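Visitor: In this note's numbering, the protein residues as written are 745 to 1241.
Every residue, glycine too, gets a C-beta built ideally from N, C-alpha and C.
On a predicted model such as this, the values are computed, not experimentally measured, just so you know.
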Ligand code: NDP
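Here it is as structure tokens:
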């Protein structure tokens, strides 16, 4: 499907509206370098309208959503899944044009998004409280599980609609309403998602989409008194700002932040598999992934052989137009991100690490100056900045270790704790290492598997709260305890003695 340059609108309280600023900004296709769509610059006033609509949808006793049965909530989520499946190809193309990720990856991602909504459709009528036995036999106690209320969902640019699904699916299953603020660089698919929401007849105000700048629309969402929870995915620095701001307003948050994930290969591993895992771990999505395996820890006995094989395979990666299904790596998503990657390559060289492959844009003209070669640094000191800081680009730091203990120590020597992998044929070692790594998700003899049924979340600087799985619904529920009196008389405690 060919997409024409289009001026989108915000989606607030079931209506498509122009931003109150009457301003739009261009979204740049990183491959062509051209603005290909106009994104509404939502303001604090727009956020206020959206939040008030969402608040009414959840808390007004007469609202359709507040009266909606759990089974009907599930039906809406199912309808959303079906409508998204019909438009998956178009949404994939939008994300490719916004962030330059290869269509072969984004097509798969968008084909999977409906499954996320279907999973939560199935959970909507399975939310239960508990019956508690108090010591006093004249009392009965039970708990109700209730929606938190209005969820402010703030999402990043690397997997725009997938990361929104991780929040919207469980939030709606639990009966909440959502105001979604997508990243300014990649808002197109979120605004198109609003059309899907509208097409299924979801009650007004349940999902609102307000695009705009983080420091305006995003900040207004975090600060708004009627937002009951902020669910954020993005960089650790921004996460810290949002958590502080939310803390001042006593709002709970979930944070899915950055990573510097260790991918540990022992000498007894199946090295053919491990080298593929290392390659996929860092260079898929052009390295622009929170769970990228950006630190490769290799046992000294296999170090040289493994690095050489990695170099050969990196050289075979096809860079090109991200819209071409044959392309394996597209351009970097934005100029800002390109400059960040270049800066870290300079820091790597200054640190004394060995540049094994890449380190600069390709020599041939790729049709865009935002391409960067897959880059491998070997003999990296884990204390250096390329090993400690999230680059969010196609730059791999390879670190040598001598023993299992040293591998675990290096793996944990980071402020992050999102993901990790261990490659070994020794089942005992695999379990030992997986247990000792301080990360929310560990892969054994594979890298980067994820799915809606399995929860994931960060340790340490990678955040808190869980996304996906049954557990994600808990993030959007509150527990109310109800005490019921069985005695027919209520004692006057002031007269009892
Ligand atoms: P950010 O983390 O800054 O942005 C993510 C979202 O937060 C965007 O929607 C952004 O809005 C919004 N935002 C920014 N500032 C505020 C604020 N003060 N209040 C509320 N919302 C705000 O991502 P960047 O694009 O700036 O990337 C910076 C770095 O973060 C990357 O280089 C990478 O290292 C890391 N990152 C990690 C991701 C992950 O999945 N872990 C995903 C994306 C980035 P706006 O659209 O205006 O930017």
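Ignoring anything shorter than 4 residues or poking outside the region 991 to 1056, list the alpha helix (DSSP H) runs there in chain order.
Guide: Qualifying alpha helix (DSSP H) stretches, in chain order: 1015 to 1027.
Visitor: Tell me whether the beta-carbon of residue 1155 lies closer than 9 Å to the beta-carbon of residue 1187.
Guide: Cβ atoms of residue 1155 and residue 1187: not closer than 9 Å.
Visitor: Taking the C-alpha atoms as reference points, what is the distance between residue 754 and residue 930?
Guide: Residue 754 and residue 930: Cα-Cα distance of roughly 14 Å.
Visitor: Give me the residue from 1111, 1139, 1217, 1140 with the minimum Cα distance to residue 844.
Guide: For residue 844, the nearest C-alpha among the options comes from 1111.
Visitor: What first and last residue would you give for the alpha helix (DSSP H) that runs through residue 840?
Guide: Here the alpha helix (DSSP H) through residue 840 covers 832 to 843.
Visitor: Sorted by chain position, which residues of the same chain lie with C-beta nearer than 6 Å to residue 876's C-beta, five sequence neighbours on each side aside?
Guide: 885.
Visitor: Between residue 907 and the ligand NDP, is there a pair consisting of the residue's CB and a ligand heavy atom that are separated by less than 8 Å?
Guide: For the ligand NDP, at least one heavy atom lies less than 8 Å from the Cβ of residue 907.
Visitor: Is residue 910 near the ligand NDP, judged by its Cβ being under 8 Å from some heavy atom?
Guide: No, since every heavy atom of the ligand NDP falls outside the 8 Å radius drawn around the Cβ of residue 910.
Visitor: Could you spell out where the beta strand (DSSP E) holding residue 1122 opens and where it closes?
Guide: Counting along the chain, the beta strand (DSSP E) containing residue 1122 begins and ends at 1119 to 1122.
Visitor: Use the C-beta contact count for residue 748: other C-beta atoms within 10 angstroms, 16 or more gives buried, fewer gives exposed.
Guide: Unreliable positioning characterises residue 748 in this predicted model, as indicated by a pLDDT of 47, which lies under 50. The coordinate reading is nonetheless provided below. It is exposed - the Cβ of residue 748 has fewer than 16 other Cβ atoms within 10 Å.
Visitor: Measuring alpha carbon to alpha carbon, tell me which residue in 888, 942, 911, 952 is nearest residue 977.
Guide: Taking only the C-alpha atoms, the option nearest residue 977 is 911.
Visitor: Less than 8 Å between the CB atoms is what I'm expecting for residue 923 and residue 798, so what's the real figure, rounded?
Guide: The pair is a contact, with the Cβ atoms about 5 Å apart (cut-off 8 Å).
Visitor: Which one of 947, 994, 959, 958 has the shortest CA to CA distance from residue 969?
Guide: Checking every option, the nearest Cα to that of residue 969 belongs to 994.
Visitor: Which residue's Cα is closest to the Cα of residue 1167: 944, 1040, 1063?
Guide: Here the closest residue by C-alpha is 1040.
Visitor: When you compare only the Cα positions, how much space is there between residue 867 and residue 1216?
Guide: One C-alpha to the other measures close to 11 Å.
Visitor: Have a look at residue 973 and residue 784 and give me their C-alpha separation to the nearest angstrom.
Guide: Each residue's Cα considered, the two are about 24 Å apart.
Visitor: Any idea if residue 1031 is buried or exposed, counting beta-carbon neighbours within 10 angstroms, 16 or more meaning buried?
Guide: Per the 10 Å Cβ criterion, buried.
Visitor: Count the C-beta pairs between the region 1073 to 1091 and the region 853 to 871 that are closer than 8 Å, then say yes if the count reaches three, no if not.
Guide: Not touching, per the Cβ criterion.
Visitor: Compare the C-alpha of residue 916 against each of 871, 935, 901 and name the closest.
Guide: When each option's Cα is compared against that of residue 916, the closest is 871.
Visitor: Using 8 Å as the threshold, is the region 1096 to 1106 in touch with the region 1040 to 1050, meaning 3 or more CB pairs across them?
Guide: Because the criterion of three Cβ pairs below 8 Å is not met, the region 1096 to 1106 and the region 1040 to 1050 do not touch.
Visitor: Using only CA atoms, which one of 1077, 1042, 1057, 1044 lies nearest to residue 1029?
Guide: Checked all of 1077, 1042, 1057, 1044; the closest Cα to residue 1029 is 1077.
Visitor: Could you say if the region 1057 to 1067 and the region 1191 to 1200 meet the contact criterion of at least three C-beta pairs nearer than 8 Å?
Guide: The region 1057 to 1067, when compared against the region 1191 to 1200, does not touch it at the 8 Å Cβ threshold.
Visitor: Between the C-alpha atoms of residue 1109 and residue 903, what's the straight-line distance to the nearest angstrom?
Guide: When rounded, the distance between both Cα atoms is 27 Å.
Visitor: Among 1172, 1202, 949, which residue has its Cα nearest to the Cα of residue 1184?
Guide: Closest by alpha carbon: 1202.
Visitor: From residue 967 to residue 1147, what does the alpha carbon distance come to, in whole angstroms?
Guide: Each residue's Cα considered, the two are about 49 Å apart.
Visitor: Could you give the distance in angstroms between the alpha-carbon of residue 1059 and the alpha-carbon of residue 1027?
Guide: Straight-line Cα distance between these residues: approximately 12 Å.
Visitor: Three Cβ pairs or more, each shorter than 8 Å: is that satisfied between the region 1223 to 1233 and the region 885 to 898?
Guide: Counting Cβ pairs under 8 Å, three or more are found: they touch.
Visitor: What runs of the alpha helix (DSSP H), each 4 residues or longer, lie entirely inside the region 1148 to 1193?
Guide: Correct list: 1148 to 1156, 1171 to 1180.
Visitor: With respect to 8 Å, is the separation between the Cβ of residue 901 and the closest non-hydrogen atom of the ligand NDP below this value?
Guide: Yes; taking the cut-off as 8 Å, the Cβ of residue 901 has a heavy atom of the ligand NDP nearer than that.
Visitor: Indicate whether the contact test is met: 3 or more Cβ pairs, each with one atom in the region 1114 to 1125 and one in the region 981 to 993, closer than 8 Å.
Guide: With a cut-off of 8 Å, the region 981 to 993 and the region 1114 to 1125 do not count as touching, because too few Cβ pairs lie within range.
Visitor: Excluding the 5 residues preceding and the 5 following residue 808 in the sequence, name in chain order all residues of the same chain whose CB lies nearer than 6 Å to its CB.
Guide: Within the same chain, residue 808 has close Cβ partners 947.
Visitor: Just confirm the distance between the C-beta atoms of residue 1204 and residue 1137, as a whole number of angstroms; I'd bet it's less than 8 Å.
Guide: Actually they do not touch by this definition, with Cβ atoms about 22 Å apart.
Visitor: Under 8 Å, with one C-beta from each stretch per pair, do the region 810 to 820 and the region 778 to 796 reach the 3-pair mark?
Guide: Flag = no, the region 810 to 820 and the region 778 to 796 do not touch.
Visitor: Output yes or no for whether 9 Å exceeds the beta carbon distance between residue 1219 and residue 914.
Guide: Yes, Cβ-Cβ distance for residue 1219 and residue 914 is below 9 Å.
Visitor: Could you check whether the Cβ of residue 965 sits closer than 8 Å to any heavy atom belonging to the ligand NDP?
Guide: Yes, the beta carbon of residue 965 sits closer than 8 Å to at least one heavy atom of the ligand NDP.
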